[in-house]
Ligand SMILES: [Zn+2]
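Numbering (this note's numbering), first residue to last: 59 to 262.
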């Protein structure tokens, strides 16, 4: 797995490559997909591109265009799914209807994804942590800051997975809300937590 941008990950599992929110623009302090990763993905395209919602820090229409027009890979977002499980290569993907964190546009569609193969990976997108109360346990959950900034959210997050991969953190020098210190104070270097760096391979 590689973090490709703000909240984006490329999950390579059992010979199948799934990109989730993996091509995005910069929004405030949240980083875009770097040009070298945009190019790497064009050179070795994923089998499917999934998007959790249409915010720019998760979705870049310009970068997605070649996959729709020339490379021809399925591009799937919350408006395209029937919320039934589907297969891509050797993996099964289950879209989960979830609610965006905070006071986002109430008409905004948002989908999290469960990717199942020899490992099970939940990609939360910008969903509220409470969407996963009592969720069956997975090997790995990819989550934004809100899952790691309050004790109750962190307890819930740890209860649904063996490993937490934190994405969607601002550039540390532009962290106007103090999210980095909130994460540190909440998680206390818990060995379950990995803060993903863009471009660095994690676990598999
Ligand atoms: Zn969002």
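Every residue, glycine too, gets a C-beta built ideally from N, C-alpha and C.
Computed from a predicted model, the values in this text were never measured in an experiment.
Going by alpha carbons, who is nearest to residue 216 out of 232, 242, 229 and 199? 199
Three or more C-beta pairs below 8 Å linking the stretch 78 to 94 and the stretch 238 to 250: no
Once the 5 residues before and after residue 6 are set aside, which same chain residues still bring their CB inside 6 Å of it? In the structure as shown, the chain begins at 59 and stops at 262. Residue 6 is therefore absent and cannot be evaluated.
Less than 8 Å separating the beta-carbons of residue 170 and residue 156? yes
Taking one C-beta from the stretch 196 to 214 and one from the stretch 176 to 185 each time, how about it: are there three or more such pairs within less than 8 Å? yes
Using CA atoms only, rank isn't needed, just tell me which of 96, 211 and 249 is closest to residue 125. Of the listed residues, the one whose Cα sits closest to residue 125 is 96.
Here's a check: name, in chain order, each residue in its chain whose Cβ is nearer than 6 Å to the Cβ of residue 173, leaving out the five neighbours to either side. The residues are 69, 76, 149, 151 and 179.
Take residue 115 and list the residues in its own chain whose beta-carbon comes closer than 6 Å to its own, dropping the five residues that flank it on each side. If we look at residue 115 and ignore the five residues flanking it on each side, its Cβ neighbours are 64, 82, 85 and 88.
Compare the Cα-Cα distances from residue 249 to each of 259, 227, 220 and 59 and report the closest residue. 220
Three-state secondary structure (DSSP) at residue 112? coil
DSSP state of residue 144, grouped into three classes? strand
Between the C-alpha atoms of residue 72 and residue 128, what's the straight-line distance to the nearest angstrom? 26 Å
Hey, out of 143, 110, 118 and 121, whose CA is closest to residue 136's CA? 110
Determine whether the beta carbon atoms of residue 260 and residue 59 lie at a separation below 8 Å. Residue 260 places its beta carbon less than 8 Å from that of residue 59.
Flag residue 184 as yes when its Cβ comes closer than 7 Å to any non-hydrogen atom of ligand 1, and as no otherwise. At least one heavy atom of ligand 1 is nearer than 7 Å to the Cβ of residue 184, so yes.
Reduced DSSP secondary structure (H/G/I, E/B, other) of residue 185: strand
Helix, strand or coil for residue 231? Go by DSSP, reduced to three states. helix
For ligand 1, is there any heavy atom lying closer than 7 Å to the beta carbon of residue 246? It does not: the Cβ of residue 246 is nowhere closer than 7 Å to a heavy atom of ligand 1.
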